[in-house]
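Below is one structure, written out as structure tokens; the observations come after it.
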Amino acid sequence: MKRNLVTLGTFDGVHLGHLKLLASLKAAARRRGLRTLVALFEEPPKSFFLSRPVPLLTTALERKNLLKAVGIDEVRVLRFDARLAKTSHSKFLASYLLGRCRAAGLVVGPDFAFGRGRHGGLAFLKEACRRRGLLFAAAPLVRSGEAKVSSSRIRDLLQRGKVAEAARLLGRPYLLSGPVTRGRGLGARIGIPTANIQPDPRLLLPRGVFAVCVQGGPFRKPRIGVCNIGTRPTLDATGSGVSVEVHVPGHSGELYGRRLSVGFLRFIRGERRFPSVEALLERIRKDIASALRAG
-15 MKRNLVTLGT
-5 FDGVHLGHLK
5 LLASLKAAAR
15 RRGLRTLVAL
25 FEEPPKSFFL
35 SRPVPLLTTA
45 LERKNLLKAV
55 GIDEVRVLRF
65 DARLAKTSHS
75 KFLASYLLGR
85 CRAAGLVVGP
95 DFAFGRGRHG
105 GLAFLKEACR
115 RRGLLFAAAP
125 LVRSGEAKVS
135 SSRIRDLLQR
145 GKVAEAARLL
155 GRPYLLSGPV
165 TRGRGLGARI
175 GIPTANIQPD
185 PRLLLPRGVF
195 AVCVQGGPFR
205 KPRIGVCNIG
215 TRPTLDATGS
225 GVSVEVHVPG
235 HSGELYGRRL
245 SVGFLRFIRG
255 ERRFPSVEAL
265 LERIRKDIAS
275 ALRAG
């Protein structure tokens, strides 16, 4: 059985920085006739220590599929729990990475650290691999502008509505996917039918009105649409929570139960309360025209 060249992390978003590391992993494995293996944390370890979830850019399944799509041979998903948090860096290296993952070497990011108290940094790994005759490499830092490309930076951009800038760091538009569920029909009542999408609740929801690319369901080719993420303050005085609503211009067919994916192209405006339904309709028509121009 072939041994593996291994890397470890959350890889949330599988962004340009991750892709650079994965390219280094694959190239080094190819030169040595090794398989590639990613040990993938289901959620960021930070979520465990903060005792609250960190909004995700991608689910573990989405990350696994993205990693497979770029040519990783095997992905093993790990849950970061109390037992793992107490495991020393040396024990985790020996029992999991070298033992269960059959690591013939490690390729990690430039700021990588692991184990209890994050004591397993680059210096430890380099020396541990040297003693065992294993390959060790640290991939270079990937920057965009003055700052490094990171999942936390992308989350911050999305929370501020900067979806186009986030897409540049991801290497693709930010995506939300989910089944279309029955809403209250508020959009249809005013002549703008919308699909209510139910994404995984762990995913980050950028707030506002956006030009989007809609795929899946009946759409064999991507369609330009408008997505509103918010509380619909003009139409819904009950404050029933945040919803993800998508309008696809020119489509009037049934979408309930179908699964759609929405890629965020451009921020149009923030959500606000309008003085009347007529004023809201006028603004929505402008939003649709703006989205179609973006496409």
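The numbering used here numbers the first residue of the sequence shown as -15 and each following residue consecutively.
Think of the CB as a built atom: it goes at the ideal place given N, C-alpha and C, for glycine as much as any other residue.
When the Cα atoms are used, Thr215 and Pro190 turn out to be separated by approximately 12 Å. At the C-beta level, Arg(-13) and Arg86 come within 7 Å of one another.
When the beta-carbon positions are compared, Pro157 and Gly247 come within less than 7 Å of each other. By the CB criterion at 7 Å, Ile181 and Leu244 fall inside the cutoff. Beta-bridge partners assigned by DSSP to Arg207: Val198. When secondary structure is reduced to three states using DSSP, Pro28 falls in the coil class, being assigned neither helix nor strand. The beta strand (DSSP E) runs lying completely inside the region 110 to 174 and spanning 3 residues or more are 119 to 122, 158 to 165, given in chain order. The Cβ-Cβ distance between Val193 and Arg253 falls below 7 Å. Every beta strand (DSSP E) stretch that sits fully inside the region 20 to 99 and reaches 3 residues is listed by chain position as 58 to 62, 87 to 92.
Under DSSP, Ile181 shares a beta bridge with Val164, Val228. The C-alpha of His73 lies about 24 Å from the C-alpha of Ala12.
Val61 sits away from Val22, with the two beta carbons spaced by 7 Å or more. Positions of the beta strand (DSSP E) runs, each at least 3 residues long and wholly inside the region 238 to 268, are given as 243 to 253 in order along the chain. Annotated three-state conformation of Ile176 is coil, per DSSP. If you compare the alpha carbons of Lys10, Leu9, Thr43 with that of Phe25, the shortest gap goes to Thr43.
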